[in-house]
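Be aware that the sequence shown starts at 10, since it is given in my numbering, and climbs by one per residue.
Every residue gets a Cβ at the ideal spot worked out from N, C-alpha and C, and that includes glycine.
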Amino acid sequence: MYTKTKVNNQKQSFVVGVEYYEEDLFLEIELGTFHTTQLHAQRIANSVHNVILLENQIVLIFKNADSISITDDFLKYAFKFRLCTKPYVPPLDVSKLTLQEREDLIRNEAYMVTEEDMKEVQWDINTAFRYLQHKYEARDQTFFSLASSAYYVIPTSERIDQEGMRDAT
């Protein structure tokens, strides 16, 4: 029987990643595989404060002010780009809507993006950067600060009860 102490001490391997976006371009970054508890894996994913796309690199800035640079020739496997293929729906002025209309809008599928709406593209960092420059018609823009979208924590192995292992030794 599991007690609360035992459940909190269970560790397993998790693949942890984050997804950031700008307009219709989504960037998924795998932070790595960590042998830890699920709660700690979620904290690792939440530790990313900002992602900046530069012409030839991606910079991850963490909440503790540390940063990591990712380039095409270093950690290429750690990221991928996806485009949202769903047609753009213009924003509405919600201040003019009734409460019922606002609730209906929240459930309106025209504003929801699903996995089927996403298309993975085999782009390098420079191609993604140029795409956003073209999209914004901003040839002189030197970076794009991407907005947080989601994170994932995927278990990859069996759990190990650390307390049980301590008792066995």
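Can you tell me whether Tyr-145 is helix, strand or coil according to DSSP?
If DSSP states are grouped into helix, strand and coil, Tyr-145 belongs with the helices.
Just list the alpha helix (DSSP H) runs in the stretch 75-141, keeping only unbroken ones of 4 residues or longer that don't cross its boundaries, in chain order.
Counting only unbroken stretches of 4 or more residues, the alpha helix (DSSP H) elements lying wholly within the stretch 75-141 are 108-115, in sequence order.
How would you write the range of the beta strand (DSSP E) that Gln-51 sits in, first residue to last?
Boundaries for Gln-51: no beta strand (DSSP E) harbours it, while the alpha helix (DSSP H) harbouring it runs 47-55, taken from the DSSP string.
Is Glu-28 helix, strand or coil when you go by DSSP?
Under the three-state reduction of DSSP output, Glu-28 falls in the strand class.
Skipping 5 residues on each side, what residues in its chain have a beta carbon closer than 7 Å to that of Val-162?
Same-chain partners within the cutoff: Phe-23, Val-25, Gln-47, Ala-50, Gln-51, Ala-54.
Kindly list the residues whose CB is nearer than 7 Å to the CB of Gln-150, restricted to its own chain and excluding five residues on each side of it in sequence; keep chain order.
Short of 7 Å from the beta carbon of Gln-150, and not among the five residues preceding or following it, lie these beta carbons of its own chain, in chain order: Gln-142.
Relative to the C-alpha of Ala-137, which candidate in Asn-73, Glu-39, Phe-153 has its C-alpha closest?
When only C-alpha atoms are compared, the closest one is Phe-153.
9 Å Cβ cutoff met for Phe-35 and Met-127:
Cβ atoms of Phe-35 and Met-127: closer than 9 Å.
Does the Cβ-Cβ distance between Ile-38 and Phe-83 come in under 9 Å?
The answer is no: Cβ separation not under 9 Å.
Can you give the Cα-Cα distance for Ile-115 and Ser-157, rounded to whole angstroms?
Straight across, the Cα-Cα distance linking Ile-115 with Ser-157 is about 20 Å.
Between the alpha carbons of Asn-117 and Tyr-30, how many angstroms are there, rounded?
So the two alpha carbons sit approximately 21 Å from each other.
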